[in-house]
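**Student:** For reference, the structure I am asking about is given below.
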Amino acid sequence: MEAAAACDAPVIIQASRGARSYANDIMLAKMIDALEEMYPQIPLCLHLDHGNEEATCATAIRYGFTSVMMDGSLKADAKTAADYDYNVDITRRVVDMAHWVGASVEGELGVLGSLEHGGGEQEDGHGVEGKISHDQLLTDPDQVVDFV
């Protein structure tokens, strides 16, 4: 925060589902309140990384997260690849909810994985299991236009 103040720069603090479980949403909300009081001149964003379902994003927003990432590329179990229509539908529902309170939403096209070995990659317990195709790993630019 001191470095951001010295540079007159905004700050993004990101928390995963695992970090939220470990630290507790109430503690994170109080920490952000304290930082906003200590550094009122610094724009501050608290971002949820890789929300796996609507409820995960909803509780993050309830506790003061100003930005959420709805990873609809995977089903709610955070391990099974989802189809495009599922992704669009669930991300749209989170966008509608978040925009009611002025929160922003990041979406996900494609899944985390390796082009070299075709396997999924885990990030904080989140990631497709088993072999995945190049189509699942690489984002189709035409699909991005439709998704947005």
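Read in order, the letters of the sequence shown are residues 300 to 447 in this note's numbering.
Built from N, CA and C at the ideal position, the CB exists for glycine as well.
Everything numeric in this text was worked out from a predicted model, so none of it was measured.
Look up D441 in the DSSP assignment and say whether it is helix, strand or coil.
**Tutor:** The answer is helix: DSSP assigns D441 an H, G or I state.
**Student:** Report the residue ranges of all alpha helix (DSSP H) runs contained in full by the segment 369-393; include only those spanning at least 4 residues, in chain order.
**Tutor:** Runs of the alpha helix (DSSP H) inside the segment 369-393: none found.
**Student:** What's the C-alpha gap between R319 and L327?
**Tutor:** About 8 Å.
**Student:** Considering only residues of the same chain and omitting the five flanking positions on each side of C356, which have a CB-CB separation below 6 Å?
**Tutor:** Excluding sequence neighbours, C356 sits near G350, V367, M369 and V393.
**Student:** Within 10 angstroms of the Cβ of A359, are there 16 or more other Cβ atoms? Answer buried if so, exposed if not.
**Tutor:** With 16 or more Cβ atoms within 10 Å of its Cβ, A359 is classed as buried.
**Student:** With 16 other CB atoms within 10 Å as the buried threshold, where does I325 fall?
**Tutor:** So I325 ends up on the exposed side.
**Student:** What span of residues does the alpha helix (DSSP H) with E336 cover, start to end?
**Tutor:** Unbroken alpha helix (DSSP H) run through E336: D324 to M337.
**Student:** In this structure, does DSSP put I360 in helix, strand or coil?
**Tutor:** The answer is helix: DSSP assigns I360 an H, G or I state.
**Student:** Could you check the C-alpha separation between A304 and L334 for me, to the nearest Å?
**Tutor:** Each residue's Cα considered, the two are about 12 Å apart.
**Student:** Just mark N386 as buried or exposed, buried being the case when its beta carbon has 16 or more other beta carbons within 10 Å.
**Tutor:** When all chains shown are included, N386 counts as buried.
**Student:** For G363 and Q313, I'd like the C-alpha separation in whole angstroms.
**Tutor:** So the alpha carbons of these two residues sit roughly 12 Å apart.
**Student:** Going by the CB atoms, is the gap between I389 and E352 shorter than 9 Å?
**Tutor:** A contact, by the Cβ cut-off of 9 Å.
**Student:** Just the Cα atoms here: how many angstroms apart are E301 and Y321?
**Tutor:** Rounded to the nearest angstrom, the two C-alpha atoms are 25 Å apart.
**Student:** Within 10 angstroms of the Cβ of V404, are there 16 or more other Cβ atoms? Answer buried if so, exposed if not.
**Tutor:** It counts as buried.
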